[in-house]
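Everything on this sheet refers to the single structure shown next.
In the working numbering, the protein residues as written are 57 to 472.
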């Protein structure tokens, strides 16, 4: 008997959560409190489960999201999360069934792309997703960084200041700062009120104890908040009563270079802190070069992060800007049939247009490569060298390189 795939009901939600915990190797027990807190924020119409003998053995959920693209525009996205298959039911096509159902529904709703954070690299390319934004984490050896230990805040010339604030303050200031960041950084996704509640300890659903972090806000000379850093610190002392404490950055938003510099210098100048973990940052983050000795910042993580699957080629390509004018006919391969076809893309300083066409193609590529190129982070020249883009018209790859690449790398600060 084939296991039953369906959207779940409210009464099935506890069993769905148990299956989710099982898939992520978390304790499977689910409390009534966890159900009561999580359920109001779940769209059951977009939450799938596979049931075998009345027991949930696979989970899948999506929700509405906005993604900032190159140039500052946004597109509606189908954000995919909570994907698991229980170890007793692997390799039976359950993920493929859930994914096909979700992507078809997302396209029907008019969502332009689908997004996810891939727990494992090899899984999602076969569904048309490509890694569109990467992430880097640094560990800073504070004594080696070369900062003046007497530094106590932004320079007098800057006129700004840093203040420690509370969780309720962050719930007021944070959304405004994040929207300013989202308007200027491609790859950033929107944060709903629920995100700010969870990350400041308000109504957390899980069994883990909440440890309040430190929140520091940078305000410019006019008193406007331009940056926020959230960090936790451990309590570790070495031999001879020497402090060896580590600060771990949980969140860092800076919408001006002054705020970025001031907040990193601040967290690297806290008494007793000898090591700073930066959290996940853009691979081209300014941080190492903000230190007198950039070698004090050692990259400890370098990995793919946000994956994108284009669902509407025309709207996706028209939503972003391009670094150079040009015209290309793209032959998009898509095994699902959701986006397959040829499209004529033309870019100019006044904007971009994209239309279906029957003209001869300049480039041929799979929809997963289109997702990889979409946020301007990957090089068409590199993909062509890897055999993942076929150049049909001589010079088309070079033209695509000039059009698609962005001056700064894409960055998504959040997991979902």
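We put the beta carbon where it would ideally sit given N, CA and C, even for glycine.
Spell out the partners DSSP gives residue i in its beta bridges.
| i | result |
| --- | --- |
| residue 276 | Note: residue 276 sits in no beta bridge, so no partner. |
| residue 404 | 407 |
| residue 271 | 221 and 286 |
| residue 241 | Partner(s): none; residue 241 has no beta bridge. |
| residue 399 | 386 and 412 |
| residue 309 | 284 |
| residue 108 | 111 |
| residue 485 | The chain is shown only over 57 to 472; residue 485 falls outside these bounds and no answer can be derived. |
| residue 120 | 134 |
| residue 299 | 293 |
| residue 304 | 288 and 333 |
Just to check, is the beta-carbon of residue i closer than 8 angstroms to a non-hydrogen atom of the ligand MG?
| i | result |
| --- | --- |
| residue 328 | Only the bare structure without any ligand can be found here, which leaves the ligand MG out of the picture. |
What are the start and end residues of the alpha helix (DSSP H) that includes residue i?
| i | result |
| --- | --- |
| residue 321 | 313 to 323 |
| residue 457 | 452 to 460 |
| residue 186 | First-last for residue 186: 186 to 197, but that is the beta strand (DSSP E), not the alpha helix (DSSP H). |
| residue 377 | It is not in any alpha helix (DSSP H) - residue 377 carries neither H nor E in the DSSP assignment. |
| residue 423 | 423 to 430 |
| residue 255 | 249 to 255 |
| residue 441 | 436 to 441 |
| residue 446 | That residue, residue 446, is in no alpha helix (DSSP H); its beta strand (DSSP E) goes 445 to 447. |
| residue 66 | Counting along the chain, residue 66 falls outside any alpha helix (DSSP H), and DSSP gives it neither H nor E. |
| residue 471 | Counting along the chain, residue 471 falls outside any alpha helix (DSSP H), and DSSP gives it neither H nor E. |
| residue 91 | 88 to 94 |
| residue 394 | Taken as a continuous stretch (DSSP letters only), residue 394 belongs to no alpha helix (DSSP H), as it is neither H nor E. |
| residue 343 | 343 to 346 |
Find the nearest neighbour of residue i within the set the options, judged by alpha-carbon distance.
| i | options | result |
| --- | --- | --- |
| residue 250 | 441, 439 and 97 | 97 |
| residue 280 | 288, 247, 233 and 268 | 233 |
| residue 252 | 407, 231, 191 and 368 | 231 |
| residue 168 | 118, 368 and 343 | 368 |
| residue 66 | 88, 435 and 433 | 88 |
| residue 91 | 70, 158 and 101 | 70 |
| residue 19 | 271, 188, 240 and 218 | Given a span of 57 to 472 for the chain in the structure shown, any question on residue 19 remains unanswerable. |
| residue 376 | 409, 342 and 471 | 409 |
| residue 107 | 441, 151 and 389 | 151 |
What does the Cβ neighbour count give for residue i, buried or exposed, with the cut at 16 atoms within 10 Å?
| i | result |
| --- | --- |
| residue 460 | buried |
| residue 80 | exposed |
| residue 276 | buried |
| residue 72 | buried |
| residue 177 | exposed |
| residue 290 | exposed |
| residue 324 | buried |
| residue 58 | exposed |
| residue 259 | exposed |
| residue 158 | buried |
Looking at the secondary structure, which residues open and close the beta strand (DSSP E) in which residue i lies?
| i | result |
| --- | --- |
| residue 360 | 353 to 366 |
| residue 332 | 329 to 333 |
| residue 170 | 169 to 173 |
Every unbroken beta strand (DSSP E) within the region 124 to 158, with a cutoff of 3 residues, ordered by chain: 130 to 141
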